[in-house]
Structure formats: C-alpha cells, structure tokens
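Chains as they are written, first to last, in UniProt numbering: chain A, 1 to 115; chain B, 1 to 630. Reviewing the structure listed below.
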C-alpha cells in the first residue's frame, strides 16, 4: 500500500474521520473531501489510486462524481469504491462506473481488504 | 103372487150375485193393477202370487217370478231370512228395509210391510206390500255425499285459515256480543267465545278507535263500498306490549239499508311488522353506508350495487346490475375471483383482502374487501356479498410511513457505520496494546451496533415488502458457511445459551444469501430470546424427500396452537406473561414467512407450551447437473 493515494469523499464527517483512522494503518496517503462540489477539481490534481465515494451527497451526487471521474482521461485508472446506505445504490454505482459497491454499514476488514 | 115374489127373490139374489161378482172383479182389478207391488209367499218362501205392479217394478214376467223362491230376488240373504223367520213367527212387519235384485241387474231399495194369513193355525201365505224407496235413498245418499263434501271443504277452509293464523269475528249489532274464532281469541287474548266490544276498546289506541269509527261511517254512507281494511295496534292483556293487527271488515245492511252486521278477519302482523322494520333498517344501512356493499351471483353477475359503490367506482346501479363484476377488476387481478371463491367454498370468509379495483374513468383504486357467502335456507352458497372499503388514504398513509421508516433507517446507517468502525478500530488497538477491560467493552459496543443494524435491516425489508419492492439476488452458496457466520454472531450476543449446529456436510443451495441469512438470524435470535438461561438451540439441516429441511429448534417456553396461527402476521407478538420482558417489534417471523414465500417455500412450526419449538422450511439443494451457474 506504500505510496498509494486514497481519496475519500463523503459529506459525513464521522465517516471521513473513521475511514482515515482505519486507512492510516495501511501507510497510504489519505486525502479527504467533505464537499462533493470541490472533489472533482481536487481529484484531477491529486490523481488518487483509490476513490472512496458516498452515493448520496448534496451539491454533486456520488453518481455524478463517478461519471465525471470515469470520463476524465487522467482518472481512468482510479479504483472507485462506492459506499451507500441504500440497497438500490449498488446498481446506480456500478452503472455509473464504480469498481465495487459497499453497503453501509460495513466491517473494517471489508474496506481494508478492498483497499 | 107367490111366484112373483119368488121370481123377485131370485132376481134379487142374481142381482146381488152380479153385484158381488162385479165387486170381486173390481177388487181383483184393484189388487192386480194397483200401483203398489204386492205378492204372496207360501210357508216355504215360494212366490205364489204377485200383481202387475210387482212385475213392473222388478221387470220379471209372471212365468219367471211366480213359483220361484223369494230368496232369489233379495240382494241381501240375511235380510230375507230374517223377514221370513219373523213372518213364520206371526210378526207383522212395517217398512222393513230391504234390497231387491231387478231383472236388469239394478238393485232397488224397498220398504216391506207384511203379515201372514193363517187359517186354522196353518200358514196360508204372506200379504206383502213393497214400497220402492230407491229414489229417496239415492237422494239421501246424494245429500249425505254433498254434506260430507261440504264438511271436508269446511275442514280444508278451517285448516287454511288456521295456517294463515287468520282470526274470524262476527258482530250482529242487535246482539251485545261479538263472536270470535279460536284464532281470533288467541290474537285478542280473550278466553270466551263471545265478548263485549268494551272489553277490547280500552286496549286500543284512541286514534285507532276514531279511525275505525270514520271508516265504518263511510261504509254506512256507502262511500267506500261495504268493506274496508284497517291496520292498528292493541295492547296485550298485561298492558306492557303492543301488538300490530290487521282487520278486514265487511258491513252488511238490512232490508232498510241500515247496517246490522259486521263480519271480518283479524291477523296478528307484529312479527311481519318487526321484520319489515328490520328489513327497512338494514336497507337504510346499506343505502347510507360509506363502504360499497354489493352482491353478486356465483357466475360473477352483479345483483345489488349500493349508493357508495356508485360513488366509489363511478358506475350507476343500472350500469352494473346484471353485468359482470369483471368490469371493475383489473385484468391482472382476475385470478383473485377464483381464489376468493375457492376460500368461500371451504366455508371461510375473506376479510380485509387488500387489492386494487378499476373505476369507470380507468383509474385504479386501493380497496379492502370483506367477502362472505350468501346461503339459501338449505345452506347452499347461492351468491357472494362484498363490502368494499376505499383505502386510498390508508395506503397513502402507509406509503408515507414506509418512506419515513426508510429515510430514518438510511440516516441511522451512516452514524452506525461510524460507531461500528470505531469500535472495530478500538478493539484492534486495545488488543494490540494489551488492555485488560477495553477489548471486552469495545466488543460489546460492536455487538450492540450489529443488533441495531439487524433491526434496521428488518425494517427496511418490511417496507420493501409492503411496497412490493423486494428483489431477490439469487446465488449459489454453501449453506453451512452461512449457518456458521450466523451462529458466530448470535453466540456473541448470547453467552448464556448454547447453539448446536447439526450436520456439517457441504450443502449448496441456490437462493438470496442475504435474505436466507436474515431468515436464519431471525429464527436463531428468536430461539435464543425465548430459551431459558443454559438452554440449547439447535440449527441444522437434513435431506428429506429430495429436499433440504432447514430447521431451528429450542427448549424454550413454546407456543400455543392458537398463537401459532397468528405467529407469522406482521407486528404479532405472543401474548404471554413469560415474554413480557422480551423486546422485539413482531416483524421477524413475518419477514421469515414473506422471504421464504418469495423463495417458493413456507415456514412451518411445531410447538408445545413449555416444551420448546421447532421451526423449519424446505428448500431445493443445488446440484451440479442443474442449469444454474455454480
């Protein structure tokens, strides 16, 4: 995991905090953004290896963000993990271009193994 | 002179002789040709003489009749023997009834008057007069027949009147009393056959008396003919109850055109009036009901359609009665009718059956149906009555509630995710740092968080089911891997009860893993909840009739037969003091049942109060030869 960059985008600060805490143990670089409207700009700049994104967010939804990422030339390689509390989220996320869907609530080990 | 005198004497004797001969000839003629039949019979009963009247009456010639035995002409042997015996005894008979056989075969009824000429103690012959009474007897018989016919007809009339419970009365105005038939006495509760009008007037309503008076007056004036009908009421003898009666009155007038007699009938119509009232009340209920009330034949032809049905569906009664009920059933729900009919045939009623019906404008309406059979007096089902309630508002309310539950559950999931993850991180760290108490406490936080997650999962499944949004994701998986995961989680929550897994052969099934997991989690957590501390819960599976029987059993408090029926209903909780401190929403077993139904299976329970319970269901085992992907 060394040298990898993980970008977390979730409007819930609690999730960002705990994900940071979990993922710190992987020695990856963690970047977090709670405002989805700012996320895309930062993603282009950071070009993370992994994007963990919530589906339901105000301003720009996770679905819209995944679409944008997938259509950007420089972000094609980004591994997208979509997290959501909704059952229907899986189809929306994978249709938009996410690599994997993780339903809330999930186990620490689940996210660790994916990353 | 002497010679003259002698000649005169001879002349006189000759004259006398002539006169005597004439007299004999006249008498002989009188007897021979008398209109009354006469005959003589000797001591042996042989006819020795008969007049023309006798021959004419019976139709025989003198050759056939004279010299024959009188016995041969009597139709009744006993009678002639008695007559002959009496005459031999020197009795005189007057109008002794007998029957004689005529030559043409007919029988004549006669009255015989006879006595015997006896000379010097010797039976010479009888002197027998025969009076033909055939016509009188026949007329009498005819009259008797008519009388008995009349009696029978009267009896029939009486029976008919009795059957109608119709009382009859007769009042001659010049008499003080009114005559009553038995039934009339019964109706008026009067013991005597006659009664004074005053006895009854005091039990009548003043308005009724006035009304009858007016009607009678009109009769006097012949304004309304000579008869009228009247319905009123009369108090019973105790004076505490009213009887409804119907009177038919016919007034008769005398030669001076003055009424002198009233005859009529009286009928107790209290029951009919009560029925009429009840019928009217029921009709009013149906008419004013907010719910649609309709009835239809077994062929689905609408028979009645109330005002609420008109409002609800937009079809008038005229547009529906005689037409098929299918008019309001959406095409994809026509099978419901067969289902309902099959349940009614089994003697069941269908209550609160929620479905949709089509209105005249084509829109669908959410309705709840309560359906019951209409039976004839032999108990055969001849039709179906339906009460249809518009549940649009209720459904909207349900949708709003479900949306709310969904939203709340979703919102709860995010903070729960944080709690769960923090607990897991903390656990990992405290184990690493060799804390003594922290790992245990943190584990408990994790367990409680997972419990909440299960509950939220159940709620969301429930709302999905209600909205018809449940979608299964079928997959092939190892049953025992799932069982072990569930047992592991459950064991964490319940340290005081043991969970035993029976059978550990690799068994694969093709189902929705999460949903079957939800089924097993609910069954195991129930088994643990209702088991005493130290009790054992068993989960496992066995092959039975080519299927897998998956079961969960406990040694808990058990479930009564009555409760077993309601067990799988939404929000049902066992009504038992022993369960009062056991938490839950009553949705677990409802979900179990619904999820299994979506898998084409059913949940079964065997239980006895105080002996524990066994829950089980059957599911197909996945086999390699199956076309389904592994």
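Heads up, the beta-carbon is just placed ideally off N, CA and C, and yes, glycines get one too.
Beta-bridge partners of residue 194 of chain B, as assigned by DSSP: Here residue 194 of chain B refers to the residue found at position 194 of the second chain. Paired residue(s): B:179.
Alpha helix (DSSP H) runs wholly inside the segment 315-366 of chain B, at least 4 long, in chain order: 317-320 and 335-345
N- and C-terminal bounds of the beta strand (DSSP E) containing residue 115 of chain B: Taking the second chain and counting its residues from 1, one reaches residue 115 of chain B at position 115. Element bounds for residue 115 of chain B: 107-119.
If you drop the 5 nearest sequence neighbours on each side, which residues of the same chain put their C-beta closer than 7 angstroms to that of residue 636 of chain B? Residue 636 of chain B lies beyond the stretch modelled for chain B, which goes from 1 to 630, so this question has no answer here.
So for residue 519 of chain B, helix, strand or coil by DSSP? Stepping through the second chain from its first residue, residue 519 of chain B is reached at position 519. Note: residue 519 of chain B maps to helix in three-state DSSP.
Take every Cβ of the segment 604-614 of chain B, pair it with every Cβ of the segment 559-569 of chain B, and state whether three or more of those distances are shorter than 8 angstroms. yes
Look at residue 296 of chain B and residue 269 of chain B and say whether their C-beta atoms are less than 8 angstroms apart. Here the question's residue 296 of chain B lines up with position 296 in the second chain. Here the question's residue 269 of chain B lines up with position 269 in the second chain. Contact flag unset, no.
So which residues on chain B does residue 15 of chain A lean against when the C-beta distance must stay under 7 angstroms? As a working mapping, residue 15 of chain A is identified with position 15 in the first chain. Under the 7 angstroms cutoff, chain B gives 414, 417 and 418.
Cβ contact (3+ pairs, closer than 8 angstroms) linking the segment 380-388 of chain B and the segment 397-406 of chain B: no
With distance defined between alpha-carbon atoms, name the residue in B:123, B:408 and B:265 nearest to residue 228 of chain B. Indexing the second chain from 1 puts residue 228 of chain B at position 228. Among B:123, B:408 and B:265, the Cα nearest to that of residue 228 of chain B belongs to B:265.
In angstroms, rounded to a whole number, what distance separates the CA positions of residue 52 of chain B and residue 8 of chain B? Here residue 52 of chain B refers to the residue found at position 52 when the second chain is read from its first residue. Here residue 8 of chain B refers to the residue found at position 8 when the second chain is read from its first residue. Going from the Cα of residue 52 of chain B to the Cα of residue 8 of chain B covers about 40 angstroms.
Report the rounded CA-to-CA distance for residue 69 of chain A versus residue 622 of chain B, giving the unit in angstroms. Indexing the first chain from 1 puts residue 69 of chain A at position 69. Indexing the second chain from 1 puts residue 622 of chain B at position 622. Spanning the two alpha carbons is a distance of roughly 41 angstroms.
Counting only beta-carbon separations shorter than 8 angstroms, does residue 530 of chain B have a partner in chain C? As a matter of chain content, chain C is missing from the structure shown, whose protein chains are A and B.
7 angstroms Cβ shell around residue 47 of chain A - same chain, five flanking residues per side excluded: Numbered from its first residue, the first chain carries residue 47 of chain A at position 47. Correct list, in chain order: 74 and 75.
Among the candidates B:4, B:43, B:127 and B:158, whose CA atom is the shortest distance from the CA of residue 114 of chain B? Start at 1 with the first residue of the second chain, and residue 114 of chain B comes out as number 114. Comparing Cα positions, the closest option is B:127.
Nearest-angstrom beta carbon gap, residue 416 of chain B and residue 453 of chain B [assumed within contact, 8 angstroms]: Working through the second chain from its first residue, we reach residue 453 of chain B at position 453. Working through the second chain from its first residue, we reach residue 416 of chain B at position 416. Correct: roughly 6 angstroms between the Cβ atoms.
So which residues of chain A does residue 569 of chain B contact, with C-beta pairs closer than 8 angstroms? For the purposes of this step, residue 569 of chain B is identified with residue 569 of the second chain, where counting begins at 1. Residues of chain A passing the Cβ test: none, with the nearest at roughly 25 angstroms.
Determine, using beta carbons only, whether residue 603 of chain B and residue 613 of chain B come nearer to each other than 8 angstroms. Taking the first residue of the second chain as 1, we reach residue 603 of chain B at position 603. Taking the first residue of the second chain as 1, we reach residue 613 of chain B at position 613. No, the pair does not count as a contact, with Cβ atoms beyond the cut-off.
Do you know how far the Cα of residue 97 of chain A is from the Cα of residue 66 of chain A? As a working note, residue 66 of chain A is residue 66 in the first chain. As a working note, residue 97 of chain A is residue 97 in the first chain. One C-alpha to the other measures close to 6 angstroms.
Using DSSP's beta-bridge definition, name the partner residues of residue 613 of chain B. Translated into the one-based positions of the second chain, residue 613 of chain B becomes position 613. BP columns for residue 613 of chain B point to B:607.
Strand pairing of residue 8 of chain A, partner residues [DSSP]: Here residue 8 of chain A refers to the residue found at position 8 when the first chain is read from its first residue. Paired residue(s): A:32 and A:52.
How about residue 534 of chain B and residue 554 of chain B: do their beta carbons lie closer than 8 angstroms? Counting from one through the second chain, the residue named residue 534 of chain B turns up at place 534. Counting from one through the second chain, the residue named residue 554 of chain B turns up at place 554. Their beta carbons are not under 8 angstroms apart, which means residue 534 of chain B does not touch residue 554 of chain B by this criterion.
What are the boundary residues of the beta strand (DSSP E) that residue 509 of chain B is part of? Translated into positions along the second chain, residue 509 of chain B becomes position 509. Unbroken beta strand (DSSP E) run through residue 509 of chain B: 508-512.
Any idea if residue 9 of chain A is buried or exposed, counting beta-carbon neighbours within 10 angstroms, 16 or more meaning buried? Start at 1 with the first residue of the first chain, and residue 9 of chain A comes out as number 9. It is buried - the Cβ of residue 9 of chain A has at least 16 other Cβ atoms within 10 Å.
Using a threshold of 8 angstroms, state whether the C-beta atoms of residue 501 of chain B and residue 483 of chain B are closer than that. Translated into positions along the second chain, residue 501 of chain B becomes position 501. Translated into positions along the second chain, residue 483 of chain B becomes position 483. Yes, they are a contact pair.
Classification of residue 617 of chain B by the beta-carbon crowding that lies within 10 angstroms, buried from 16 upward: Indexing the second chain from 1 puts residue 617 of chain B at position 617. Residue 617 of chain B comes out buried.
From A:52, A:107, A:44 and A:60, pick the residue whose C-alpha is nearest to that of residue 32 of chain A; which is it? In the first chain, counting from the first residue as 1, residue 32 of chain A sits at position 32. Measuring from the Cα of residue 32 of chain A, the nearest candidate turns out to be A:52.
Where do the ends of the alpha helix (DSSP H) carrying residue 422 of chain B lie? Taking the first residue of the second chain as 1, we reach residue 422 of chain B at position 422. Unbroken alpha helix (DSSP H) run through residue 422 of chain B: 392-432.
Under 6 angstroms Cβ to Cβ from residue 170 of chain B, same chain only, skipping five residues before and after it: list those, please. One-based indexing of the second chain puts residue 170 of chain B at position 170. Taken in chain order, the residues that qualify are 179 and 263.
For residue 435 of chain B, would you say it is in contact with chain A, using Cβ-to-Cβ distances shorter than 8 angstroms as the test? By one-based count along the second chain, residue 435 of chain B stands at place 435. Judged by the 8 angstroms Cβ criterion, residue 435 of chain B is not in contact with chain A.
Return no unless some Cβ of chain B is closer than 8 angstroms to the Cβ of residue 22 of chain A. Looking up residue 22 of chain A in the first chain gives position 22. Yes, residue 22 of chain A lies at the interface with chain B (some Cβ there is under 8 angstroms from its Cβ).
Please work out which residues of its chain come closer than 7 angstroms, Cβ to Cβ, to residue 580 of chain B, disregarding the five sequence neighbours upstream and downstream, and give them in chain order. Start at 1 with the first residue of the second chain, and residue 580 of chain B comes out as number 580. Residue placement at residue 580 of chain B is flagged as unreliable, the pLDDT there being 49, under the threshold of 50; a coordinate-derived value is accordingly withheld.
Would the beta-carbon of residue 421 of chain B fall within 8 angstroms of that of residue 100 of chain A? By 1-based counting over the second chain, the position of residue 421 of chain B is 421. By 1-based counting over the first chain, the position of residue 100 of chain A is 100. Cβ atoms of residue 421 of chain B and residue 100 of chain A: not closer than 8 angstroms.
Within a Cβ cutoff of 6 angstroms, which residues of the same chain sit near residue 530 of chain B, ignoring the five residues on either side of it in sequence? Translated into the one-based positions of the second chain, residue 530 of chain B becomes position 530. Excluding sequence neighbours, residue 530 of chain B sits near 556 and 557.
Coarse secondary structure for residue 580 of chain B, derived from DSSP in three states: To locate residue 580 of chain B, count along the second chain from 1; it is residue 580. Low local confidence applies: a pLDDT of 49 at residue 580 of chain B is under 50, so the model's placement there is unreliable, with the coordinate-based value given in what follows. Coil, per DSSP.
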